[in-house]
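Heads up: the sequence shown is residues 1 to 255, going by our numbering.
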Amino acid sequence: MTMDDDIKAACVDLTDILAGMRRGVAFTGAGISTECGIPDFRSPGGLWTRNRPIDFEAFLTSREMRNEAWRRRFAMEAAFGGATPGRGHRALARLLEEGRLAGIVTQNIDGLHQASGVPDDRLVELHGNSTYATCLDCGERYELGWVRERFETRAQTAPDCLDCAGPIKTATVSFGQPMPGEAMTRAGELTAACDVFLAIGSSLVVWPAAGFPVQAKRNGARLVIINREPTEFDDMADLVIHADIGDVFEAATGP
């Protein structure tokens, strides 16, 4: 880990902020998972530059699009299925266990916060979770192993629900699909009550979720942004660190 003096000083400031934090909220994006081998979808050469996202309406109306969606999901499993939590995930899990964080709000769908030890009742997944599937009509849950077995033994055809014949989809929020109301409400409540808002690894360009740091700042919370690239909210933040997230947390909280 190599850091210049400015980043080292910022990490000292972060340590102080974390030490005084009592009801913090961590808001995480794809950048926290890149050291785990999961690429940022929006980065140059990322998955979205190679595969145009499948719109929710297209998934609903086209068997071909459902087949393609599941083909992509299992291709991702082959590439990233062995990913384990990184230093950022582990640091946040420790802060949660110590009582400094009230909760974690994530835009990620990889399940790595849960794998780091974060309980479901302290985690808000704004974009859902790709580690299991549900029927879009009746809500029945399906494990990916079952879906994959059906998909592969039926010439890569997406399976339908056994109970109601509805379409089965990963439990994620796709383009054109409404944001989950309950998750947005929980995230808003955590944000309104927090004393420190940690925006970590997010470009802060996807709305309405990008409004949470603004809400926190307006409510008097300290805003910390940790991201490799600048964001449009850097000017309003109390502390901004443009560096590797794992390195920053290792310097601020220990390995």
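The beta carbon of each residue, even a glycine, is placed where N, CA and C say it ideally should be.
In the DSSP assignment, L136 falls outside any alpha helix (DSSP H), carrying neither H nor E. Under the three-state reduction of DSSP, T170 is assigned to strand. Under the Cβ criterion (8 Å, minimum of three pairs), the region 158–166 counts as touching the region 133–143. Excluding sequence positions up to five before and after A158, its CB lies within less than 6 Å of the CB of R66, N67 and W70, all in the same chain and listed in chain order. At a Cβ-Cβ threshold of 8 Å, I32 and G201 count as neighbours. Runs of beta strand (DSSP E) with 3 or more residues, each lying fully within the region 138–216, are found at 141–143, 168–172 and 196–200, listed in chain order. Non-local C-beta neighbours of T172 in its own chain, meaning closer than 7 Å and more than five positions away in sequence, comprise I109, H127, G128, N129 and S130, ordered along the chain. Using a Cβ distance threshold of 8 Å, L112 and A155 do not count as a contacting pair.
The beta carbon of A10 lies closer than 6 Å to those of I241 in the same chain, with the five residues before and after it left out.
In the displayed model, F249 falls within a helix according to three-state DSSP. Shown here, R90 sits in a helix according to DSSP, grouped into three states. Judged by DSSP secondary structure, I226 falls within the beta strand (DSSP E) whose first and last residues are R222 to I226. Judged by DSSP in its simplified three-state form, L14 adopts helix. The three-state reading of DSSP puts N108 in coil, since its state is none of H, G, I, E or B.
Taking L239 as the centre and dropping the five residues before and after it, the same chain places the C-beta of A10, D13, L14, I17 and V224 closer than 7 Å to its C-beta, in chain order. Just measuring C-alpha positions, the residue of R52, G246, R94 and P255 sitting nearest R122 is R94. Secondary structure of A30 (DSSP, three-state): helix. A243 and E35 have their alpha carbons spaced roughly 12 Å apart.
Just so you know, the alpha carbons of A19 and G145 end up roughly 42 Å apart. Membership of L126 in any alpha helix (DSSP H) is not indicated, and neither H nor E is assigned to it by DSSP. Judged by DSSP in its simplified three-state form, G103 adopts strand. If the five residues before and after K217 are omitted, its C-beta is found closer than 6 Å to the C-beta atoms of L223 and M236, all from its own chain and listed in chain order.
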